[in-house]
Amino acid sequence: MAMPQNSTGENSFCFAQTLNFSHPSPSLGEVGRTCDAPSGHAACGTPLSNGTTSSSAPSPSDSCAEPLCYATRAQEDEGIKYVSADGEELACGWGGFTPGFLQLFNTSKGILFFLCVASFLQGMTVNGFINTVITSIERRFDLRSYQSGLIASSYDIAACICLTFVSYFGGNGHKPRWLGWGVLVMGLGSLLFALPHFTTGQYEARSAAEVGICGGNQSLPCTQAASSLSSYRFIFMLGQFLHGMGATPLYTLGVTYLDENVKTNYSPVYIAVFYTAAILGPAAGYLVGGMFLNIYTEIGREIDITPENTLWVGAWWIGFLGAGAASLLISIPILGYPHRLPGSQRYIVMRVSEAHQLKDGSHKKASDPDFGKTVKDLPRSVLLLLKNPTFIFLCLAGATEATLIAGMSTFGPKFLESQFSLSASEAATFFGYLVVPAGGGGTFLGGFLVNKFKLRCSGIIKLCLLCTVSSLLAIFIFFIHCPNMPMAGVTQMYGGSSLPAGHLNLTAACNAECGCLQETYSPVCGSDDVMYYSPCHAGCKTVFENLRNGKKVYHECSCVDKTRLPGPGSAEAGKCTSSCARKPLLLFFMFVVILFTFLSSIPALTATLRCVPDRQRSFALGIQWIVVRTLGGIPGPIAFGSMIDKSCLLWQDQCGEQGSCYVYQNSAMSRYTLIAGLVYKVLGTTFFIVACVLYKPPPPESAPGSSNASENGNCDLQEHKPSVPAEEDI
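Number 105 in full-length UniProt numbering belongs to position 105 of the sequence shown; there are no gaps in the numbering.
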């Protein structure tokens, strides 16, 4: 880390007496600067209202700014005490407990680390575990896709309710305390989400060996206990509601806290790292959650079905217990951070406004230091943002992107599961492999490009437009799809002839005497490469276990076509393996769509921060998240869930009640995904174009030190003042 140089060899603070520290903190060099003038000399200046200094010296090299943060040591055992120029306590700790070793973390990198852990846990839980286990929860608690969509949307509903309050009052309050309490509430939500596993009875999976053999015991009592399980969706919704409440400060106050405490042109990189952790969280959630789904939900209990069996329910609840405990722990250090970091005032001095210029000049009201501190300023704050067309259209563009992200992240694993005939755990792992490099890499790359090319607000919006157009072109890949694996009685008739659309006929002459139950869905793959609803529906009479892979193999299957192989037909438990030749192409272009969608996320966020006055940034992010969630995050999963339900071919039948979907029509699923993708990507492109056209930057003369910057030039003040220490190395 580059340390400020002291030309006199004295301590780098302006004091009446020299302070000698025997064990100086590494961060001390950041909070002061060299003062060559004698103590009390006029050259040391007096602070102005904007944090700059007034000096009687004729040259900047002869002057010295007032210290932005004092460091004192009253007693040896009290450690270093950070106090700002106005007497504000800037030490890291809890109340009066501020030990010296904690001050090593009282830096922008320290808070970035803890916020990254918090956003990683939030992403892993809300966008990873929940999306991974959605199929298992539907199966375990008899939910339909639109009901699971409501569970996913409860997060955004809570965020919308809390955002105005949190962003307005938290933006003018103690941000780390809001952040810490939010992470703690989020942890409680995770623990609540896992609660239904412990309050319901044991999951009883009726294996095919018990009820699925032709001629076996087919009695399956109908009880209302199973259907009552769907009421647990309200517990899941409450857990998601707490997730939404807790995460609200994270992506509004957390972003602005980072932006306020680092140099302006480094801000996109810090925010990109923060959001990259949030993207890697879901990826880890998909991978880890997929592994947990390979463990039976009733741990320690013997079961004779495998994860490939559609009756299998994995240990979906383990991840929520771990993430909840970790969130409770990580909230403790975040609660200890000060209102602002030591030395951050210098970045306010250097900041250049790029706020959109309103014709009536009302944007200047937000520059008042007292603006936004009381409730009476709330309507004026909202009005100022509503009069900013660039901000409004950036919000609308974000809403269109959020709809696709929310919908695909919730049902993306289910899409892969259906298209490629995978198990739930395999689909979750596949989707995780896509999201890790595409989502995480795109998020970080977006912030890096803004910093690399020193883009100003207009250039940032153009970068977002380029990314949206690129993903729009890639989304045409959904014109193609993988064909459904042939399934007797569902996609084709027994014997191979085509089945009229919408007509199911699971009974044929070959299994008419078996008395098969439709409540027992346990698909098997026949030796003729056709799937059957269950071993009973395949007419199988005997069962053995394959010692090589542990799967059950059924013999003497009267419905399995015997023309391909001599002897009686056989079938193996599980779905038939898909040999779709379009699989690599689909996966590649899905990767491209995810990459460019996330590539625009940090630039769009940075543009939002730049196009509004500094004092409105937290509130602007709050309003933006309300728009994004109301128009995108909330309807996204519900719309996609309803769309996927429309493409269902085979529904679960529980004593005459419709349950979750067993088999989807791949062509319809791809078609609906393509239509939704085109509509929202075209809207997003349009909104970015309008935002770019309507943006009115401040005149060059209003940005001191940046008059030589071009449209896409450096957004920061040129560091020609020797009184401002060099930024620490990234």
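Yeah, the Cβ is synthetic: ideal placement off N, Cα and C, and Gly gets one too.
Within 8 Å, strictly: CB atoms of residue i and residue j
i: I334; j: A118; result: yes
i: S194; j: F320; result: Rather than Ser, the amino acid found at residue 194 in this sequence is Ala. Contact flag set, yes.
i: V313; j: T252; result: no
i: Y637; j: S153; result: One detail in the question is off: residue 637 reads as Pro in this sequence, not Tyr. Yes.
i: A136; j: A427; result: For clarity, residue 136 is Ser in the given sequence; the question names Ala instead. Contact flag unset, no.
i: L250; j: S108; result: no
i: C160; j: T630; result: yes
i: T400; j: G632; result: yes
i: T310; j: P523; result: yes
i: S409; j: N127; result: yes
i: L579; j: S527; result: Note that residue 579 is Ser in the sequence shown here, rather than Leu. Not in contact: S579 and S527 (Cβ atoms no closer than 8 Å).
i: L242; j: L188; result: yes
i: F598; j: I330; result: no
i: Y232; j: F141; result: yes
Simplified DSSP state of residue i, which is helix, strand or coil
i: A159; result: helix
i: F544; result: strand
i: L506; result: coil
i: Q616; result: helix
i: H197; result: helix
i: L678; result: helix
i: L445; result: helix
i: Q665; result: coil
i: Y433; result: helix
i: R33; result: Below a pLDDT of 50, predicted positions are generally treated as unreliable, and R33, at 40, falls in that range; the measurement from the model is reported next regardless. Coil, per DSSP.
i: S570; result: strand
i: P698; result: coil
i: A488; result: strand
i: L587; result: helix
i: I111; result: helix
i: M493; result: coil
i: G440; result: helix
i: C464; result: helix
i: F688; result: helix
i: C482; result: coil
i: K552; result: strand
i: V469; result: helix
i: C557; result: strand
i: L378; result: helix
i: C116; result: helix
Residue of the options minimising C-alpha distance to residue i
i: F688; options: A397, S153, C516, H197; result: A397
i: residue 753; options: M291, G314, G110, V679; result: With the chain covering 1 to 730 only, the question about residue 753 has no answer from this structure.
i: T429; options: L609, L587, V450, A283; result: A283
i: I235; options: G636, L385, L191, T630; result: L191
i: residue 740; options: L238, R610, P176; result: Examination of residue 740 is not possible in this model, given that the chain is present from 1 through 730 alone.
i: I594; options: Q103, C160, T468; result: T468
i: P307; options: A402, I330, K551, V126; result: K551
i: S600; options: G100, L341, T685; result: T685
i: Q518; options: L455, E657, K575; result: E657
i: residue 731; options: F113, Q345, D156, G659; result: The requested residue 731 does not occur in the structure, where the chain is confined to residues 1 to 730.
i: A607; options: A424, V435, E354; result: E354
i: A691; options: M531, L250, C395; result: C395
i: S228; options: W178, C160, L143; result: L143
i: L466; options: F411, W94, G446, I303; result: G446
i: T256; options: Y146, L112, I303, E302; result: L112
i: T125; options: I213, G324, E572, H356; result: G324
i: A604; options: G442, S327, L621, I460; result: I460
i: F588; options: G407, A474, L328, Q357; result: A474
- [ ] Evaluate the contact criterion for the stretch 466–483 versus the stretch 610–627: three or more CB pairs, one atom per stretch, below 8 Å.
- [x] no
TODO: Could you say if the stretch 610–623 and the stretch 160–176 meet the contact criterion of at least three C-beta pairs nearer than 8 Å?
DONE: yes
Task: the stretch 525–544 in contact with the stretch 553–560 per 3-pair CB rule at 8 Å - done: yes
TODO: Entirely within the stretch 307–337 and at least 4 residues each: give me those alpha helix (DSSP H) ranges in chain order.
DONE: 318–335
Open item on the list: Quick check: the stretch 667–677 against the stretch 415–432, are at least 3 beta-carbon pairs closer than 8 Å?
Closed with: yes
TODO: Count the CB pairs spanning the stretch 638–646 and the stretch 373–383 that are closer than 8 Å, and state whether there are at least three.
DONE: no
TODO: Please specify which runs of the alpha helix (DSSP H), each continuous and at least 4 residues long, are wholly inside the stretch 387–429, giving them in chain order.
DONE: 389–419
Task: Complete alpha helix (DSSP H) runs within the stretch 231–260 (minimum length 4 residues, chain order) - done: 233–247, 253–260
TODO: For the stretch 254–271 and the stretch 98–106, state whether three or more C-beta atom pairs, one from each stretch, are separated by less than 8 Å.
DONE: no
Open item on the list: Does the structure place the stretch 428–442 close enough to the stretch 288–298 that three or more beta carbon pairs sit under 8 Å?
Closed with: yes
Open item on the list: Threshold first: 4 residues or longer. Then list the alpha helix (DSSP H) segments lying entirely within the stretch 167–197, N to C.
Closed with: 175–193
Open item on the list: Closer than 8 Å is the cut-off here; do at least three beta carbon pairs connect the stretch 265–276 with the stretch 448–463?
Closed with: yes
Open item on the list: If we require 4 or more residues per run, which alpha helix (DSSP H) segments fall completely within the stretch 623–661?
Closed with: 635–646
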